[in-house]
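Reading the sequence shown from the start, the letters are residues 5 to 129 in this note's numbering.
Virtual Cβ for every residue (Gly too), placed ideally from N, Cα, C.
Only a predicted model underlies this, so the values are computations on that prediction, with no experimental measurement involved.
Right, one structure below, let's go through it.
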Amino acid sequence: MKVARYFFVIVLSLVLTSCEFEETDLGFPKSITFTSNGGEKTIIGNESFVFAEIQDYKGNHGSIEGGEDGKLYNVYDWLKVEYVELKNDVLKVYAAPNTTDKDRTLYIEVYSGSEYDVITVKQGK
5 MKVARYFFVI VLSLVLTSCE FEETDLGFPK SITFTSNGGE KTIIGNESFV FAEIQDYKGN
65 HGSIEGGEDG KLYNVYDWLK VEYVELKNDV LKVYAAPNTT DKDRTLYIEV YSGSEYDVIT
125 VKQGK
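Next comes the structure, spelled out in structure tokens:
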């Protein structure tokens, strides 16, 4: 399993450095909002995608992990996304409870070929 994960990361790195990506509408909602309690939301786009990555647009992003169940996960800070690569257009988003006294925002970039879509995820305090 570790070999497959490392192979995936290497291939993903090569793809990201060798392609120019264009932001487009893949049918996902442009934003989703969670209450301070957190929770889970399932969102659906119009196209199958290769991977989804959480960003804060300050140079930080989540790490992609493979599960034994065939699903891929990307986790960063208070947010987690779950999906099955190239199998469907469904993305499950999980937010941890917000115990800070500030609203918070992260971004999910969903990649399909050379196109990507950005979903803004907000959580109230």
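Does the region 59-66 come close enough to the region 31-45 that 3 or more CB-CB pairs lie under 8 Å? no
Kindly indicate which three-state DSSP category F25 falls into: helix, strand or coil? coil
Closest by CA to K96, which one among G31, L76, T109? L76
Whose C-alpha, out of W82, E57, Y115, is nearest the C-alpha of K106? W82
Which residues does DSSP pair with E119 in a beta bridge? E26, S116
Tell me the DSSP secondary structure of Y87 in three-state form. strand
Curious, which full-length beta strand (DSSP E) runs of at least 3 residues does the region 24-82 contain? 35-38, 43-48, 55-59, 67-70, 76-80
Between the Cα of G49 and those of G66, T28, N78, N102, spot the shortest distance and give me the residue it belongs to. T28
Am I right that T109 and V125 are in contact with their C-beta atoms under 8 Å? What's the rounded C-beta distance? 7 Å
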